[in-house]
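Working notes, beginning with the structure itself.
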Amino acid sequence: MKKIKYCSSCLMPDTKPYISFNEAGVCNACINTNKKKNIKFGIDWTTRKKEFDKIISWSKSQNAPYYDAMVPVSGGKDSITQVHRLLGKGLRILAVNVDYGIKTEIGKYNLDRIPLMGANLIIFRPELTLHKHLIRLGLEEYGDPDLLSHTLLHAYPLHIASKLQIPLCLLGENSAFEYGGDENLASSSEITRDWFDNYAANKGMTAKVISKKYNIPYKNLWQYDFPDEIQKNSKIKAVFCSAFFPWDSNEHLQIAKKYGFKELKKSGEGTYRKFVGIDELINRLHQYIKVLKFGYGRATEHACEDIK
Ligand SMILES: [Zn+2]
1268 MKKIKYCSSC
1278 LMPDTKPYIS
1288 FNEAGVCNAC
1298 INTNKKKNIK
1308 FGIDWTTRKK
1318 EFDKIISWSK
1328 SQNAPYYDAM
1338 VPVSGGKDSI
1348 TQVHRLLGKG
1358 LRILAVNVDY
1368 GIKTEIGKYN
1378 LDRIPLMGAN
1388 LIIFRPELTL
1398 HKHLIRLGLE
1408 EYGDPDLLSH
1418 TLLHAYPLHI
1428 ASKLQIPLCL
1438 LGENSAFEYG
1448 GDENLASSSE
1458 ITRDWFDNYA
1468 ANKGMTAKVI
1478 SKKYNIPYKN
1488 LWQYDFPDEI
1498 QKNSKIKAVF
1508 CSAFFPWDSN
1518 EHLQIAKKYG
1528 FKELKKSGEG
1538 TYRKFVGIDE
1548 LINRLHQYIK
1558 VLKFGYGRAT
1568 EHACEDIK
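Take 1268 as the starting number for the sequence shown in the numbering used here and just add one per residue.
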């Protein structure tokens, strides 16, 4: 049996997808964290913030017909922070939430904070005969019930932005950078087809592949797929918030709380944090399967973040 190797700086095992180690045995996520913190060759966040302000001015100058900015939201602390980054700049903001029927009460409560913050909110509910079928397929064939839900959450808000000609889409974190991954994709500030196929979809299991393999007409699956016009249209910029502001769970929690975000009274199953993955019921199953597949769970991930 192969012995599991662990990062010499955090607790992450080498079973984690996309992880790699340098000569000193430090994982790519830890290396990126040091860049974030400005330790040697670090990121200059002051310049990044100026770039962000430039993008805001650019989006306003587009004189878009309906909204100036779109934010995909779950109602979690991170998406509340994304909305927060856009407030007070005179933008018309549209938040888009995808709800496939498994939202927790606390998740619903937190999502209700979004309109109170000053953003419009659309809640999209996909039809569930197909979506349940996709959840089952993901679970039985790939051990991942969220396989297609994840692509839907990423893709649908971008489709809305494209149709409504919204110039700025403020996405969450670039997971290739934050949690380790392909270097080219990790350094990108904008979402691309390549990024989507690898990080929104699970290693290329895109709507097109699923459509072919399981005989589901693509015309029913388009909303699960990346809208290529986002990448081609120079009038739309879809950028990661984490490219302009350090992505920090604990800071996001403090920001979200200012808007009334509630955390659990007791920590949930599988971790000691009270404010992560609390919006949706399926999260527990997803985390449990991760333990079976990779030999680590949510508590390890959170401990790694806290070490960093
Ligand atoms: Zn590490």
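No residue lacks a Cβ here, since even glycine has one placed at the ideal position from N, Cα and C.
Suppose the cutoff is 7 Å on Cβ atoms and the five residues either side in sequence are ignored; what does the same chain contact list for L1552 look like?
Excluding positions up to five away in sequence, the list reads P1412.
In the DSSP output, which residue or residues are listed as bridge partners for E1496?
In the DSSP output, where bridge partners are listed per residue, E1496 has none listed.
Output yes if chain D places a C-beta closer than 9 Å to the C-beta of T1418; else output no.
Judged by its chain identifiers, the structure shown contains no chain D, having just a single protein chain.
Report yes if the CB atom of P1339 is closer than 9 Å to the CB atom of L1420, and no otherwise.
Going by C-beta atoms, P1339 is nearer than 9 Å to L1420.
Report, in whole angstroms, the separation of the C-beta atoms of I1347 and N1364, which I expect to be a contact under 8 Å.
The Cβ separation is near 12 Å, so there is no contact.
Could you pull out every unbroken beta strand (DSSP E) segment of at least 3 residues lying fully inside the stretch 1399–1474, listed in chain order?
The qualifying runs are 1435–1438.
Grab me the residues of I1427's own chain with a C-beta within less than 6 Å of its C-beta, minus the 5 sequence neighbours each way, in chain order.
The answer, listed in chain order, is V1363.
Kindly indicate which residue of I1549, F1561, G1544, L1559 has the alpha-carbon position closest to the one of H1569.
H1569 has its Cα closest to that of G1544, out of I1549, F1561, G1544, L1559.
Could you check whether the stretch 1428–1446 touches the stretch 1494–1511, counting it as contact only if at least three pairs of C-beta atoms, one from each stretch, sit closer than 8 Å?
Yes, since at least three Cβ pairs between the stretch 1428–1446 and the stretch 1494–1511 fall closer than 8 Å, the two stretches touch.
With distances taken between CB atoms, is the gap from K1327 to G1357 smaller than 9 Å?
Going by C-beta atoms, K1327 is nearer than 9 Å to G1357.
Going by DSSP, what residue range makes up the alpha helix (DSSP H) through I1381?
1380–1384 is the extent of the alpha helix (DSSP H) around I1381.
Is it true that the stretch 1554–1569 meets the stretch 1534–1543, where meeting means three or more beta-carbon pairs spaced less than 8 Å apart?
Yes, they touch.
CA-CA distance, C1277 and R1315?
When rounded, the distance between both Cα atoms is 27 Å.
Can you tell me whether W1462 is buried or exposed? The criterion is at least 16 other CB atoms within 10 Å of its CB, across all chains shown.
W1462 is buried by the Cβ-count criterion.
I need the boundaries of the alpha helix (DSSP H) containing K1327, first residue and last residue.
1312–1328 is the span of the alpha helix (DSSP H), which, as asked, contains K1327.
Let me make sure I understand the geometry here. Which of K1524, E1457, N1465, G1410 has the alpha-carbon closest to that of L1559?
Ranking K1524, E1457, N1465, G1410 by Cα distance to L1559 puts G1410 first.
Whether or not the stretch 1501–1518 and the stretch 1469–1480 are in contact is what I'm after, with contact meaning three or more pairs of Cβ atoms, one per stretch, closer than 8 Å; do they touch?
In short, these stretches do not touch, since the Cβ pair count stays below three.
Is any heavy atom in ligand 1 found nearer than 8 Å to the beta carbon of A1296?
Correct: A1296 has its Cβ closer than 8 Å to ligand 1.
What are the boundary residues of the alpha helix (DSSP H) that includes V1558?
Where V1558 is concerned, the enclosing alpha helix (DSSP H) stretches over 1550–1561.
Per DSSP, which one or two residues make a beta bridge with F1528?
None, per the DSSP bridge assignment.
Across the stretch 1283–1299 and the stretch 1446–1455, are there enough close Cβ pairs to call them in contact, namely three or more that are closer than 8 Å?
Yes, since at least three Cβ pairs between the stretch 1283–1299 and the stretch 1446–1455 fall closer than 8 Å, the two stretches touch.
Could you work out which residue in G1405, N1301, K1302, K1272 is closest to F1288 when comparing CA atoms only?
It is K1272 whose Cα lies nearest to the Cα of F1288.
At a cut-off of 8 Å, would you count S1276 as near ligand 1, judging by its Cβ distance to the nearest heavy atom?
Yes; taking the cut-off as 8 Å, the Cβ of S1276 has a heavy atom of ligand 1 nearer than that.
Can you tell which of L1388, V1350, R1392 has the C-alpha that lies nearest to the C-alpha of K1370?
Taking only the C-alpha atoms, the option nearest K1370 is R1392.
Check each candidate in Y1367, K1430, W1312 and name the one with the smallest Cα separation from Y1333.
Ranking the options by Cα distance to Y1333, first place goes to K1430.
Report whether the distance from the Cβ of T1396 to the nearest heavy atom of ligand 2 is below 8 Å.
Absence of ligand 2 from the depicted structure is noted, with ligand 1 being the only ligands included.
Where does N1482 land, buried or exposed, given buried means 16+ other C-beta within 10 angstroms?
Exposed, since its Cβ has fewer than 16 Cβ neighbours within 10 Å.
Does the beta-carbon distance from R1359 to D1379 come in below 9 Å?
Not closer than 9 Å, so no.
Looking at C-alpha atoms only, which residue of C1571, V1506, A1566 is the closest neighbour of R1352?
Of C1571, V1506, A1566, the residue nearest in Cα terms is V1506.
Does the beta-carbon of P1424 have 16 or more other beta-carbons within 10 angstroms, so that it is buried, or is it exposed?
When all chains shown are included, P1424 counts as buried.
When burial is assigned at 16 or more other CB atoms within 10 Å of the CB, is Y1466 buried or exposed?
Classification for Y1466: buried.
Compare the beta carbon distance of G1374 and L1395 with 9 Å and say whether it is the shorter of the two.
Taking 9 Å as the Cβ cut-off, G1374 and L1395 do not qualify as a contacting pair.
Would you mind working out which of S1275, S1454, M1279, K1270 sits nearest Y1563, comparing C-alpha positions?
For Y1563, the nearest C-alpha among the options comes from M1279.
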